[in-house]
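>
Numbering (my numbering), first residue to last: 158 to 366.
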């Protein structure tokens, strides 16, 4: 049963349409928090996800499973969440429950952080390298992003030894691939093309003779 729920959850999080819906709710959540004068709304949201749902999978399934009725979910929120949460966050969960969107909570949280970073003039920069970045390399990348995008970068580094050398930088959907693996592939492709051209040229000369 747990594996089934895990599979269903993974499917939801990978669904582009689900991400689009989550983005709408994330924007609405932050807008409503600002209008209500709520400070640090993402702290309570993150705490609920990391400290309540993540370590208590049975409770998370009860709250998000399609097998739980809408009224049952709202009842759980009223009994188990309301006494320990702010009125603002409780109402947010109730709205999601009434619209059968509670299964999107992790995705809404992720989109909320991205939206808050965007509003703060920040941007996440995925940096994949064959070896761990040095402080000097990090500073150079951050400075380059500030200069080019006029935003404050949030570096998210990862090490992938198969890259052999160099780095791959991704900002949103834009990828700057300077890895040694990619350069070697391009060189191999050029050499192959040159080799095929030479063969074809030799065949042409042979047929003419």
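Glycine is no exception: its CB is placed at the ideal position from the N, C-alpha and C atoms.
1) Name the two residues that bound the continuous alpha helix (DSSP H) containing residue 265.
2) In this structure, how does DSSP classify residue 288 when only helix, strand and coil are distinguished?
3) To test your reading of the DSSP string, which unbroken alpha helix (DSSP H) runs of 4 or more residues are found completely within the segment 187-251?
4) Grab the span of the beta strand (DSSP E) containing residue 172 for me, first residue to last.
5) Please report the distance separating the alpha-carbon of residue 190 from that of residue 323.
6) Determine the closest residue to residue 173 out of 301, 314, 265, with distance taken between C-alpha atoms.
7) Roughly how many angstroms separate the alpha carbons of residue 256 and residue 262, rounded to a whole number?
8) Return the chain-ordered list of same chain residues with a C-beta closer than 6 angstroms to the C-beta of residue 274, the five sequence neighbours on each side being excluded.
9) Mapping the DSSP letters down to three states, classify residue 320 as helix, strand or coil.
10) For my contact list, residue 243 and residue 201 are in at a C-beta cut-off of 8 angstroms; report their separation, rounded to the angstrom.
11) Could you check which residue in 249, 223, 185 has the C-alpha nearest to that of residue 235?
12) Helix or strand or just coil, what does DSSP make of residue 293?
13) Using 10 angstroms around the beta-carbon of residue 333, count the other beta-carbons present and answer buried if the total reaches 16, otherwise exposed.
14) Measure the C-alpha to C-alpha separation of residue 327 and residue 213 and round it to an integer number of angstroms.
15) Out of curiosity, what's the CA-to-CA distance linking residue 253 and residue 325?
16) Pull up the distance between the alpha-carbon of residue 186 and that of residue 180, whole angstroms please.
17) Does residue 220 pass the burial test, meaning 16 or more other C-beta atoms within 10 Å, or should it be called exposed?
18) Does the beta-carbon of residue 193 have 16 or more other beta-carbons within 10 angstroms, so that it is buried, or is it exposed?
19) Quick one: residues in its chain with C-beta nearer than 8 angstroms to the C-beta of residue 279, no 5 flanking neighbours on either side, listed in chain order?
If we stick to the structure as given:
1) By 1-based counting over the chain shown, the position of residue 265 is 108. Start and end: 262-276.
2) The count along the chain shown starts at 1 and reaches residue 288 at position 131. Residue 288: coil per DSSP, three-state reduction.
3) 198-204, 214-221, 227-233
4) Your numbering for residue 172 matches position 15 in the chain shown. Per DSSP, residue 172 belongs to no beta strand (DSSP E) and is neither H nor E.
5) As a working note, residue 190 is residue 33 in the chain shown. As a working note, residue 323 is residue 166 in the chain shown. One C-alpha to the other measures close to 42 angstroms.
6) If you number the chain shown from 1, residue 173 lands on position 16. Residue 173 has its Cα closest to that of 265, out of 301, 314, 265.
7) Stepping through the chain shown from its first residue, residue 256 is reached at position 99. Stepping through the chain shown from its first residue, residue 262 is reached at position 105. C-alpha separation (whole angstroms): 12 angstroms.
8) The residue given as residue 274 occupies position 117 in the chain shown. There are no such residues.
9) Translated into positions along the chain shown, residue 320 becomes position 163. DSSP places residue 320 in helix when its eight states are reduced to three.
10) On the chain shown, position 86 is the one that residue 243 refers to. On the chain shown, position 44 is the one that residue 201 refers to. Indeed they touch by this definition, with Cβ atoms about 6 angstroms apart.
11) In the chain shown, residue 235 corresponds to position 78, counting from 1. Closest by alpha carbon: 249.
12) Residue 293 sits at position 136 when you count from the first residue of the chain shown. Residue state, collapsed to three classes: helix.
13) Translated into the one-based positions of the chain shown, residue 333 becomes position 176. With fewer than 16 other Cβ atoms within 10 Å, it is exposed.
14) Against the chain shown, residue 327 aligns to sequence position 170. Against the chain shown, residue 213 aligns to sequence position 56. Going from the Cα of residue 327 to the Cα of residue 213 covers about 34 angstroms.
15) Indexing the chain shown from 1 puts residue 253 at position 96. Indexing the chain shown from 1 puts residue 325 at position 168. Looking at the two C-alpha atoms, the distance is approximately 38 angstroms.
16) As a first step, residue 186 is located in the chain shown; it is residue number 29 there, counting from the start. As a first step, residue 180 is located in the chain shown; it is residue number 23 there, counting from the start. Cα to Cα, the separation comes out at about 10 angstroms.
17) What you label residue 220 is simply residue 63 of the chain shown in a count that begins at 1. The residue in question, residue 220, is buried, as its Cβ has 16 or more Cβ neighbours within 10 Å.
18) Along the chain shown, one-based indexing puts residue 193 at 36. The residue in question, residue 193, is exposed, as its Cβ has fewer than 16 Cβ neighbours within 10 Å.
19) As a working mapping, residue 279 is identified with position 122 in the chain shown. Closer than 8 angstroms at the Cβ level, and outside the excluded window around residue 279, lie 308, 309, 310, 311.
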